[in-house]
Amino acid sequence: MKLVFYEKPEDDPFYVVLGRVVAERRKALGLTQDQLAQEADISRAEVQFIENAKRRVKLDTIRRCCLALSGIWLAEVFMEVQRRLLEG
1137 MKLVFYEKPE
1147 DDPFYVVLGR
1157 VVAERRKALG
1167 LTQDQLAQEA
1177 DISRAEVQFI
1187 ENAKRRVKLD
1197 TIRRCCLALS
1207 GIWLAEVFME
1217 VQRRLLEG
C-alpha cells in the first residue's frame, strides 16, 4: 500500500471515514452535536469539524468523543475506520 499525504483532511479518506463513524455512532445514541460536545468537553464546532473532515483531529479529542459515545474504545473506532477503508 502506497503512503499518500493529503493537503486537506476532507480529501483524506481516513478523516472522511472517521467523521462518518463518529456521526453514525452519535446519531445511533440519539445525541445531538451539542450533547456530544458537552459530554466530550469540546466545542460544537470541533464536533462539526470531525464529522465533516474539516480538521485533522487530535488523538485526545477523538478519545474524548469515544468516551462520550457510551465509552466505546478508541481501538474500536480505528478498527472500524480501517475496515471501511479496506472494503473501499
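Counting from 1137, one number per residue, gives the positions in the sequence shown under this note's numbering. All C-beta atoms in this analysis are idealised placements derived from N, C-alpha and C, irrespective of residue type, glycine included.
Compute the Euclidean distance between the alpha carbons of residue 1100 and residue 1155, then round it to the nearest angstrom. No answer is possible for residue 1100: the residues shown for the chain start at 1137 and end at 1224.
Who are the Cβ neighbours of residue 1139 in its own chain at under 8 Å, not counting the five residues just before and after it? none
Exposed or buried, which one is residue 1212 when buried takes at least 16 other CB atoms within 10 Å? Here residue 1212 is exposed. Its C-beta has fewer than 16 other C-beta atoms within 10 Å.
On the DSSP letters alone, give me the boundaries of the alpha helix (DSSP H) that residue 1149 sits inside. 1149–1164
Alpha helix (DSSP H) containing residue 1219: first to last residue? 1210–1223
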